[in-house]
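For the sequence shown, position 87 (counting from the first letter as 1) is numbered 76 according to the working numbering, and the numbering increases by one without interruption. Yeah, the Cβ is synthetic: ideal placement off N, Cα and C, and Gly gets one too.
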Amino acid sequence: MNRVVLITGASRGIGSAITFAFAKEKDTVIINYRSSEERALEVKNKIEEMGNSSMIVKADISNEDEVREMVKKVVDTYGKIDVLVNNAGIAIDTLVEDKTVIDFERTLKVNLIGAFLCARECKKYMNEGSSIINITSTNGIDTYYPYSLDYDASKAGLISLTHNLAVEYSPNVRVNAVAPGWVNTEMIKELDEEYIKEECEKILVRRFAEPEEIANVVVFLASPQAKYINNEVIRVDGGIL
Ligand code: NAP
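Right, dumping it as structure tokens:
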């Protein structure tokens, strides 16, 4: 569709799946990453094999200057931003009694403040029909995991941010969120087999999602077919009980 789509945290997992899904739509994709340069380059190479235009931009989204610089690079090259997907996120799992202020602040800075900074900077270059999609989690709604209570708080905050930005940026820019349940990515690689089995028992489709199953919903939300969907949080969790 020839849109310019910026995806944060696009070097792997859900972010790279979202990037490939937009590339299939013939959009120009901007691959943001923080440290995994090789992985980001692999994504870019695959996108080029698909015949698409793409760009990789290194930026820590929790750093205001780096976000400004990233958005400037995109706009200097392409002149606009049509879609922002706030996907980058971290989870630091620790026992509640061991949870440090440093961990808590880092999680909020990346997952919540980072998303805000990207939205604020991108909005300056968005036109009518643009959209922002925030990747939150069912942990921000009603599935809880005390080892990552800081993560869960950041994702609840991201839902609140979604609603406020939807109000502020209407009617030109739609703002929605996607709330996945468990997804098979490196973020959950520490979970043991027994725990995964127990969790699958609580999911009506009896398995974790694949990243592409989240990406499909993101692409739909950004499409003209979804132009009457705004200020919404869509669960993609296989029916978690
Ligand atoms: P992942 O495999 O750990 O990938 C995270 C991505 O975020 C990487 O590309 C990483 O890039 C990037 N990133 C982390 N911190 C960053 C920062 N400060 N600035 C820029 N990029 C940064 O995670 P995932 O499972 O694909 O998760 C993607 C999103 O979905 C996250 O927001 C996560 O909370 C959410 N989610 C995941 C699940 C799940 O079960 N996996 C469930 C619900 C929601 P570098 O490697 O370069 O640092």
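Could you tell me how far apart the beta carbons of residue i and residue j are, in whole angstroms, since I believe they sit closer than 8 angstroms?
i      : j      : result
ASN100 : LEU147 : 6 angstroms
ALA142 : ASN123 : Not confirmed; about 15 angstroms, so no contact.
GLU201 : ALA77  : Rounded, the Cβ-Cβ distance is 18 angstroms, inconsistent with contact.
GLU26  : LYS47  : 7 angstroms
Drop a sphere of 10 angstroms on the beta-carbon of residue i, count the other beta-carbons inside from all chains shown, and report buried for 16 or more, exposed for fewer.
i      : result
ASP87  : exposed
TYR158 : buried
ARG23  : buried
LEU84  : exposed
ILE79  : buried
Just to confirm, does residue i get its C-beta within under 7 angstroms of one of the non-hydrogen atoms of the ligand NAP?
i       : result
SER25   : yes
ARG49   : One detail in the question is off: residue 49 reads as Asp in this sequence, not Arg. Yes, the Cβ of ASP49 comes within 7 angstroms of a heavy atom of the ligand NAP.
ALA80   : yes
ASN21   : yes
GLY4    : yes
SER149  : no
ALA(-1) : yes
ALA77   : yes
VAL222  : no
SER126  : yes
Taking the alpha carbon of residue i as the reference point, which residue from the options has its own alpha carbon closest?
i      : options                          : result
VAL222 : LEU193, VAL32, LEU106 and VAL164 : VAL164
GLY170 : LYS47, ILE229 and PRO213         : ILE229
GLU117 : ALA48, THR125 and PRO160         : PRO160
Original post:
Three or more C-beta pairs closer than 8 angstroms, one from the segment 4 to 19 and one from the segment 37 to 45: is that the case here?
Top reply: yes
**OP:** Kindly confirm or deny that the segment 54 to 61 and the segment 25 to 39 touch, where touching means at least three C-beta pairs closer than 8 angstroms.
**Re:** no
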